[in-house]
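Engineer:
Protein chains: 2
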Amino acid sequence: MSAITALETFDIRFPTSQHLDGSDAMNPDPDYSAAYLIIRTDAGDGHEGHGFVFTIGRGNEIAVAAIHAVRHHLVGWNVEELLGDMGATWKRLVHDSQLRWLGPEKGVMHMAIGAVVNALWDLKAKRAGLPLWELLSRMSPEELVSLVDFRYLTDALTPDQALEILRRAETGRAERRAQLLAEGYPAYTTTPGWLGYSDEKLVRLAREAVAEGYTQIKLKVGASLEDDVRRLRLARETVGPDVRIAVDANQRWDVEEAVEWMSWLAPFDIAWIEEPTSPDDILGHAEIARKLAPLPVATGEHVHNRVMFKQFVQAGALEVLQLDATRVAGVNENLAILLLAAKFGVRVCPHAGGVGLCEAVQHLSMFDFVAVSGTKEGRMIEYVDHLHEHFAAPVDVHSGAYWPPFAPGAGTEMVAGTLAGYVFPAGQIWSAPSAFSQQ
Amino acid sequence: MSAITALETFDIRFPTSQHLDGSDAMNPDPDYSAAYLIIRTDAGDGHEGHGFVFTIGRGNEIAVAAIHAVRHHLVGWNVEELLGDMGATWKRLVHDSQLRWLGPEKGVMHMAIGAVVNALWDLKAKRAGLPLWELLSRMSPEELVSLVDFRYLTDALTPDQALEILRRAETGRAERRAQLLAEGYPAYTTTPGWLGYSDEKLVRLAREAVAEGYTQIKLKVGASLEDDVRRLRLARETVGPDVRIAVDANQRWDVEEAVEWMSWLAPFDIAWIEEPTSPDDILGHAEIARKLAPLPVATGEHVHNRVMFKQFVQAGALEVLQLDATRVAGVNENLAILLLAAKFGVRVCPHAGGVGLCEAVQHLSMFDFVAVSGTKEGRMIEYVDHLHEHFAAPVDVHSGAYWPPFAPGAGTEMVAGTLAGYVFPAGQIWSAPSAFSQQ
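Chains as they are written, first to last, in the working numbering: chain A, 42 to 480; chain B, 42 to 480.
(1) For the stretch 244-278 of chain A, list every residue whose C-beta sits within 9 Å of some C-beta in chain B, in sequence order.
(2) Please report the distance separating the alpha-carbon of S478 of chain B from that of D269 of chain B.
(3) From E454 of chain A to M127 of chain B, what does the alpha carbon distance come to, in whole angstroms?
(4) Taking the straight line between their C-alpha atoms, what separation do you get for F410 of chain A and V280 of chain A?
(5) At what residue ranges does the stretch 258-329 of chain A contain a whole run of the beta strand (DSSP E), taking only runs of 3 or more?
(6) Looking at A339 of chain B and V361 of chain B, is the spacing between their C-beta atoms short of 9 Å?
(7) Measure the CB-CB distance between D295 of chain A and G341 of chain A and report whether it falls below 9 Å.
(8) Only counting the same chain, and skipping five residues up and downstream in sequence, which positions put a Cβ closer than 6 Å to that of Y193 of chain B?
(9) Between the stretch 135-165 of chain B and chain A, which residues of the former have a C-beta closer than 9 Å to a C-beta of the latter?
(10) Taking Cβ-Cβ distances below 7 Å as the criterion, which residues of the stretch 180-197 of chain A are in contact with chain B?
(11) Tell me, which residues are paired with W444 of chain B by DSSP?
(12) Quick one: grab the DSSP three-state call for R192 of chain A.
(13) In whole angstroms, what separates the C-alpha of Y463 of chain B from that of S178 of chain A?
(14) Does the stretch 393-411 of chain A touch the stretch 90-98 of chain A, meaning 3 or more C-beta pairs lie closer than 8 Å?
(15) Would the stretch 367-382 of chain B count as touching the stretch 149-163 of chain B if we require 3 or more Cβ pairs under 8 Å?
(16) Looking at the structure shown, is I103 of chain B part of a helix, part of a strand, or coil, going by DSSP?
(17) Tell whether a beta-carbon distance below 9 Å holds between W131 of chain B and L188 of chain B.
(18) Just to confirm the assignment: which complete alpha helix (DSSP H) runs, minimum length 4, are found wholly within the stretch 157-192 of chain A?
(19) Just curious, the beta strand (DSSP E) that S74 of chain A is in, first and last residue?
(20) Any beta-carbon of chain B closer than 9 Å to the one on P521 of chain A?
(21) Roughly how many whole angstroms lie between the Cα atoms of V262 of chain A and D289 of chain A?
(22) Can you tell me which residues form a DSSP beta bridge with L48 of chain B?
(23) Between V296 of chain B and chain A, is the shortest Cβ-Cβ distance under 9 Å, so that the two count as touching?
(24) Tell me the rounded alpha-carbon separation between A356 of chain A and A327 of chain B.
(25) Tell me whether M42 of chain A is buried or exposed, calling it buried when 16 or more other Cβ atoms sit within 10 Å of its Cβ.
(26) Expressed to the nearest angstrom, what Euclidean distance is found between the alpha-carbon atoms of A169 of chain A and E298 of chain A?
(27) Could you check whether the Cβ of S319 of chain A sits closer than 9 Å to any Cβ belonging to chain B?
(28) Identify the continuous beta strand (DSSP E) that holds E423 of chain B and give its terminal residues.
(29) Throw me the rounded Cβ distance for the I108 of chain A and T82 of chain A pair, which I believe falls under 8 Å.
(30) Could you check what DSSP says for F465 of chain B in three-state terms: helix, strand or coil?
(31) Examine chain B for any beta-carbon lying closer than 9 Å to the beta-carbon of D72 of chain A, and answer yes or no.
(32) So does A169 of chain B have its beta carbon nearer than 8 Å to some heavy atom of the ligand ZN?
(33) Just the Cα atoms here: how many angstroms apart are L207 of chain A and L123 of chain A?
(34) Between the alpha carbons of E121 of chain B and A223 of chain B, how many angstroms are there, rounded?
(35) Note down the Cα distance separating D240 of chain A from D137 of chain B, rounded to an integer number of angstroms.
(36) If the criterion is Cβ atoms closer than 9 Å, does the pair P69 of chain B and L236 of chain B meet it?
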């Protein structure tokens, strides 16, 4: 019997805007940040749970305040009880009636709960001595179904239907696990495509991406049609006809504008158009998808919960579902989303990049392959090659693939030096920012 | 030329959970609260702008932090410039690229921006010496259109179409203004219907409501079917056949459950079913509306922005649109929503109650009647009779109607004693809570 003794929070920020890493049509100068937490216990086993919300700078302190606001659901409570029934724990956090008003189930409050849920999973996986993907892949279909809150889902997915999907995938788990260890999980890279990069840098990085074994790259679009056409022509010339090129408008357009703009880009053989319009606009995405077919529409990094994803798949509004590790309420809700994707037959290609999103989300895709959808067909995880050095178990990405992590936990733990050095505004990086630009 | 000198924030909470005022199927014990702000200037005219986010207790401090996070867009800036182009000011606040990540345009961050926008409108109206409804009703169609951000709306409503609606309503503004002053704006009351009240209290309050001139009351439902049927029978017996009874499930059901449950309540002649399921579930509401027709479906108090409302009206998912003064990003976004309602021909019956929602939202309905939809047909504003004494200009509701306020401003200013006494946790009410229960 042990108890949670503390929920510690940290406002961690990286001054990425100095290099225009991460720049796109809607986010010209992000400072990649993490509203971070550590859950400590009195178990004496040395294990802590780490989790975070990814943000892009200003307002990170609001997410920190939101994480702090759920501490009464954790501190002083029995660890084994909380971790032993993660379905019940999730509901207790998400359905706190007063905090729920701040969403419900969306925005800062929901993301903060996601960080806490993920920190609990990190702790649970560490106590089990397993990486999260492996821990989840070993759970029975019944245990997995018990993690999901089916409220608001049953018109599209019932517990029985979820059970059926998971039971079907029970066959072959061992083979797929072996396959994963041997082949890795496909990755694509966004590194060449940021809007703030020059044409020369785009070409150089695209060439490097192909050399490194990537079969898909992604370019940001939506600020200037003329620039987009020039950059796509350059990219297509550089990578040749066999490498896929996806484009990402980061919510820049209205519905008709998206259709019109994409008619100019479609000739460059586009793998998908990502976030063509508001992430809230299910009907708008459905209309764009109909008009651009067969060009696939992708979205998800800003889709705020399972109820929205339910409608996206019901309406045929996306073909590529880009779940995010820290936008929805953590592992449990992402399991619901993986099940919806499996039921409706859409491909899951998670959003990553940012701070630690690659480290976190790989576990979900690998688990999905082993125990949910049972396929990697048309699926891949986004990859961006920065800020990994700040994590205790950085991703292993090479030869165009993510390689399964072995370290126990959910991948969400930063190294201690980063927590000390990048804390805002007291950390060394913020009191002496020139240290960063010389890196 | 004057400048904004300060944006002051206050965490104001009322211990309403002690009396179960405001109790419903999802919110058993709310402590009605306000994340409150005051904008001060160096104009020397004595005017301040007041605004707030309504919350129900825990987490109010997160909304306060979010209000604080936009101060760099106000403090030090020229007041006349900000107030002179409220369309541009709105966009600057909502499209702050880093803060936008925390929504986008939803949850805590969006509500906080709404509070700030409303405080600016409060200041603008006070400087003009007019109540907000009158200030808005005197603006030209072109000025009104300039307040709206049409991004993500143009597939349903273009600036030209909005202009056409407003120009059509320009005819007869003076007559409708006179009519409003003579007749007031219809109100309905939720006072009798809270779930935590006994049958005796329900009957007594329902009888009083009829005696006071209300032609519609509303009952909370969704916790127990047996209780709901008994309470509805009692209410119907009490008010007779000519008073309308609406019911409100506060998001309690899944889609099929809503249809099934309402089949038991429909025989009591229901005015509308409000929030039958998740406020995010546009397609679910549409399905419920189809199956329950002609029983109207109402929703809106938790619908987080204009993009969601756009889809609700596009999908025929609601017949009664319940906008809220502090859920979306303030007056500007509510103008967009009023225009969508006018375009699609749905009735607007605003959500009120809470803390100061009645005081704030009446301005929008009255303006809508004078200058947007031009009709009160089937429209009314919710009324709950508590906490009004905390406002500088409490609503004037009698004879079943809201009577137009004359005090300059947006209705969002609390009295100074309340700001001092109810601030959390230092205020007297929280250090000596027994003072409240003796009131």
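Cβ coordinates follow ideal geometry from the N, Cα and C atoms, glycine included.
Structural biologist: With the structure as the only source:
(1) none
(2) A caution first: S478 of chain B carries a pLDDT of 46, below 50, which makes its placement in the model unreliable, though a value can still be read off. Rounded to the nearest angstrom, the two C-alpha atoms are 29 Å apart.
(3) 44 Å
(4) 28 Å
(5) 285-289, 311-315
(6) yes
(7) no
(8) V348
(9) H136, D137, S138, Q139, L140, R141, W142, L143, G144, P145, E146, K147, G148, V149, M150, H151, M152, A153
(10) R192, Y193, T195, D196
(11) B:D437
(12) coil
(13) 51 Å
(14) yes
(15) yes
(16) helix
(17) yes
(18) 173-178, 182-186
(19) 74-82
(20) The structure shown does not extend to residue 521 of chain A, since chain A spans only 42 to 480, so no value can be given for it.
(21) 6 Å
(22) B:I80
(23) yes
(24) 12 Å
(25) exposed
(26) 50 Å
(27) yes
(28) 422-424
(29) Between T82 of chain A and I108 of chain A the Cβ distance is about 17 Å, and since that is not below 8 Å, they are no contact.
(30) coil
(31) yes
(32) Looking for the ligand ZN in the displayed structure turns up nothing, as the structure carries no ligands at all.
(33) 24 Å
(34) 35 Å
(35) 27 Å
(36) yes
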